[in-house]
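Residue numbering for the first sequence follows my numbering, beginning at 10 and increasing consecutively. Where is the CB? At the ideal position from N, CA and C, for every residue including glycine. These numbers were taken from a predicted model, which means no experiment stands behind them. One structure is given below, encoded as structure tokens.
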Amino acid sequence: MTTEETTQVATEPLGDWRRDTNCGVPRLEHVGREFTAMGWVATRRDHGGIVFIDLRDRTGILQVVFDPDDSPDAHRRAHGLRSEWVIAVRGRIAARPAETVNPDLPTGQVELRVQELRVLGSSRALPFALDDDDQTNESVRLKHRYLDLRRPRLTHNLLSRHRATSAVRRYLDEQGFVDLETPILTRSTPEGARDYLVPSRVNPGSVYALPQSPQIFKQILMVAGFERYYQVCRCFRDEDLRADRQPEFTQIDLEMSFVGQEDVLRLTEGLLVAGASAIGAPPPETPFPRMTYHEATTRFGTDRPDTRFGLELVELSDLLRETKARILAEVVARGGIVSGIVADDGARLSRRELDELVAWVQTLGAGGLAWIRANEDGWQSPLAKFFDEGERERICERTGLRVGGVLFLVAGPRKHAQSVLGQLRLRLAQMLGKIPEGRWNYLWVTEFPLLEENAEAKRLVAVHHPFTAPFEEDLDKLESAPESVRALAYDVVLNGTELGGGSIRIHRPEVQARVFRALGIDPEQQREQFGFLLDALSFGAPPHGGLALGLDRLCMLWLGESSIRDVIAFPKTQRAADPMSDAPAPPAPGQLRDLGLRPI
RNA sequence: GGGGUCGUAGCUCAGCUGGUUAGAGCGCCGGCCUGUCACGCCGGAGGUCGCGAGUUCGAGCCUCGUCGGCCCCGCCA
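Next up, the structure:
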């Protein structure tokens, strides 16, 4: 039978039938009631003399029974039903015989005995099975996303996401926030991610940019006097994709006037409690632990530490200044550091696994990875022969290295060595099974530096963005020691993933001018790039600050998924394409001409 | 831009050292079946081995290129 023939099954109109129960609803208390249910044929079990259908709607599954004793006509027609047909059934709820109760279904104690059947829609044979454990290639699933979304797990994910979003909106509404929209067609801003550009037909040669975030507009809304703004808004960044990065993603974006950092953090904690509770994840305990940027990078090698396990970094530079392992001593002499991680059960790793780690670290661009394995009969290490007795004792004392453990060492410029160890730490935790299940470690990282050296541009750039306020007490170092100035910026982290971040903004024009000067942005550039914000700030700007949270990532973590694609209805592939609609596509003839564009 | 990995029936996969007519499970189609819930039993259809070159007497298998999925580095203020 061909596909075309399959689709030629006669379907019936809905007529005056109306649904009066959902599939997930009926229980023993409904026995004897007459119901009309509608949904999709999830599975059929045709025994000839009797036919069972699992009927599915978004609320769950109900077993419906076609028995000739109830209706010979419905029973005869039930043989023709197929997977994913849409049907309406009318009948009576009955208790199942005791031995046929299905404990795996919430409705498993009852069934609907069908008196009348209407076939509302037929279905072609499916391109893939709608099981939660189906491993079908993702491009096939995305091409038929409407089918993929019928899988209970994805249905559950999107319904849960809706509950979380609704709860967040309710929470912010209660806190006096106003939901305001900002432009999607906006102006490209310098630095940051690559923009998606939209050419303007009525202004040939000019383009809009899609917003990377509504940053400037929400600050202007503060100047406009709205005091508290929020938006669940789409943001666009034309960068390469990852499991937790899509070209368009959703932020919970908010901004508040007349507040300091503490107010934003407390409000955000409440928001996360509301969202987690609504989605069914454990609500976090508040207040969240705090950690400075300095502590995070020193102890964990990253500004988004996963504190669910140890394996912390230990610096050894001062012990190894004079060591005969020249490869280490030279790095210290040049101003770099030697830092390490002890895995107290690291001896479980085979020589081969250790070698693979060394090779892997090299792919991160590190000079190398040294390891010291503390065996019963002494140290085993490519560097063992360089260390004398005193050094060994001091290293063990500092790091806690004991028999059965392995010490991993990385030497290099401070930032780089820490970052490599931070990544090694995560990898070790995975290999050694040190990441506990069911832990939800929320954490604030604070006191980010305001500015940092950009290696490529060889100048200072803003760590957060150019409107981030410096610490008041660090202001006098802005010219003398700009890199030591701390920012009133903060990130919220969950289990090593950055959920979002924000800052208190500069609302005083003279401070903004000094920061621009430190960034090397001259007044002409300031006007050109940020003129409208500077204008706004000059007309009575309240102190203000805010933050943005990645809603997709939040839902992913709360729901235990490993990709944000599983919490987005219509995500894109790694090449930023949509296999269902075939976007992006070449422009139609004439479209480019209308826009005043020519292919290069 | 770079690294890794995968691509064989609708789906998931097997396919030995390059050798006859490319297999399995699920799904699909037909038949039987009155208590199943991964129903069962019998039968059947279904293949551009991603695509293109090359090597070879001979390529699903080897080489090169290319397209696509996923993971990662760079990138993501």
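Is it buried or exposed for Met10, if we count other Cβ within 10 angstroms and need 16 for buried?
Confidence in Met10 is poor, its pLDDT being 32 and thus under 50, which makes the residue's placement unreliable; the coordinate value appears in the next sentence. Exposed, by the Cβ-count rule.
Which ranges does the alpha helix (DSSP H) cover as unbroken runs of at least 4 residues, wholly within the stretch 282–369, from first to last along the chain?
You should have 302–309, 335–342.
Could you please give the first and the last residue of the uninterrupted beta strand (DSSP E) stretch that includes Asn166?
That residue, Asn166, is in no beta strand (DSSP E); its alpha helix (DSSP H) goes 161–183.
Quick one: measure Cβ to Cβ for Leu23 and Leu90, integer angstroms, because I've assumed they're closer than 8 Å.
Wrong, their Cβ atoms sit about 17 Å apart, outside the cutoff.
When the Cα of Glu120 is compared with those of Asp531, Gln184, Phe61, Thr195, which residue comes out closest?
It is Phe61 whose Cα lies nearest to the Cα of Glu120.
Report the residue ranges of all alpha helix (DSSP H) runs contained in full by the stretch 28–115; include only those spanning at least 4 residues, in chain order.
Counting only runs of 4 or more, we get 81–87.
Runs of 4 residues minimum, wholly inside the stretch 215–291: which ones carry the alpha helix (DSSP H) assignment?
DSSP runs (the alpha helix (DSSP H)) wholly in the stretch 215–291: 224–232, 270–288.
Taking all protein chains shown into account, do 16 or more other C-beta atoms lie within 10 angstroms of the C-beta of Tyr180, making it buried, or fewer, making it exposed?
Label assigned to Tyr180: buried.
Counting only runs of 4+ residues fully inside the stretch 394–467, write out the alpha helix (DSSP H) ranges in chain order.
Whole alpha helix (DSSP H) segments, 4+ residues: 398–408, 423–440.
Taking 8 Å as the threshold, find out whether the stretch 187–196 comes into contact with the stretch 219–237 through three or more Cβ pairs.
Touching, yes, given that three or more Cβ pairs across the two stretches are closer than 8 Å.
Name the two residues that bound the continuous alpha helix (DSSP H) containing Ala498.
Unbroken run through Ala498 is the beta strand (DSSP E), 498–503; no alpha helix (DSSP H).
Assuming Glu456 contacts Thr301 (C-beta within less than 8 Å), just tell me the rounded distance between them.
Going by Cβ atoms, the distance from Glu456 to Thr301 rounds to 4 Å, so yes, they are a contact pair.
Among Glu461, Gly387, Leu433, which has the Cα closest to the Cα of Val351?
Here the closest residue by C-alpha is Leu433.
Counting only the same chain and skipping the five closest in sequence on each side, list residues whose C-beta sits under 7 Å from that of Arg105.
Answer for Arg105: Gln118, Val119, Glu120, listed in chain order.
Please confirm whether Arg243 and Pro256 have their CB atoms less than 8 Å apart.
Contact flag unset, no.
Taking Glu125 as the reference, which of His56, Leu158, Thr52, Trp26 has the closest Cα?
The shortest Cα separation from Glu125 among His56, Leu158, Thr52, Trp26 belongs to Trp26.
To which residues does DSSP link Ser512 through a beta bridge?
DSSP, once it has assigned bridges, lists Ala498, Gly555 as partnering Ser512.
My guess is that Leu325 and Val340 are in contact by the Cβ rule of under 8 Å, so how many angstroms apart are they, rounded?
Not quite, the Cβ-Cβ distance comes to about 11 Å (not below 8 Å), so this is no contact.
Would Trp449 pass as a contact of Pro293 if the rule is Cβ separation under 8 Å?
Cβ distance < 8 Å, so Trp449 and Pro293 count as in contact.
Looking at Ala557 and Leu469, is the spacing between their C-beta atoms short of 8 Å?
Against a cut-off of 8 Å, the Cβ pair of Ala557 and Leu469 comes out as no contact.
With 16 as the cutoff for other CB atoms within 10 Å, does Arg54 come out buried or exposed?
The residue is exposed, with fewer than 16 neighbouring Cβ atoms inside 10 Å.
Which partner residues of Thr145 appear in the DSSP bridge assignment?
None; Thr145 has no bridge partner.
Are Gly554 and Val268 touching if we call contact CB-CB under 8 Å?
Yes, Cβ-Cβ distance for Gly554 and Val268 is below 8 Å.
Is the separation between the beta-carbon of Leu156 and that of Leu139 shorter than 8 Å?
Contact flag set, yes.
Just to confirm the assignment, what range does the beta strand (DSSP E) spanning Arg122 have?
Run containing Arg122: 119–130, per the beta strand (DSSP E) assignment.
Out of curiosity, what's the CA-to-CA distance linking Ala578 and Ser286?
Distance between the alpha carbons of Ala578 and Ser286 is about 22 Å.
Measuring CB to CB, does Gly349 end up less than 8 Å from Pro422?
Taking 8 Å as the Cβ cut-off, Gly349 and Pro422 do not qualify as a contacting pair.
Pairs of beta-carbons, one from the stretch 488–507 and one from the stretch 268–282, closer than 8 Å: are there three or more?
At 8 Å Cβ cutoff, the stretches touch.
Looking only at C-alpha atoms, which of Gly58, Thr372, Arg150, Pro595 sits nearest to Pro588?
If we check each option's Cα against that of Pro588, Arg150 comes out closest.
Pull up the distance between the alpha-carbon of Asp603 and that of Asn463, whole angstroms please.
So the alpha carbons of these two residues sit roughly 40 Å apart.
On the three-pair Cβ rule with 8 Å, is the stretch 518–526 touching the stretch 534–549?
Counting Cβ pairs under 8 Å, three or more are found: they touch.
Tell me where the alpha helix (DSSP H) around Gly549 begins and ends.
Unbroken run through Gly549: none, as it is neither H nor E.
Within the chosen definition, does the stretch 72–81 reach the stretch 169–179 through at least 3 CB pairs nearer than 8 Å?
No, because fewer than three Cβ pairs between the stretch 72–81 and the stretch 169–179 fall closer than 8 Å, the two stretches do not touch.
Output needed for Thr20: all residues of its chain with C-beta closer than 7 Å, excluding positions within five of it in sequence on either side, in chain order.
The residues are Val128, Leu129, Gly130, Ser131.
Is Asp25 helix, strand or coil by DSSP?
Three-state result, Asp25: coil.
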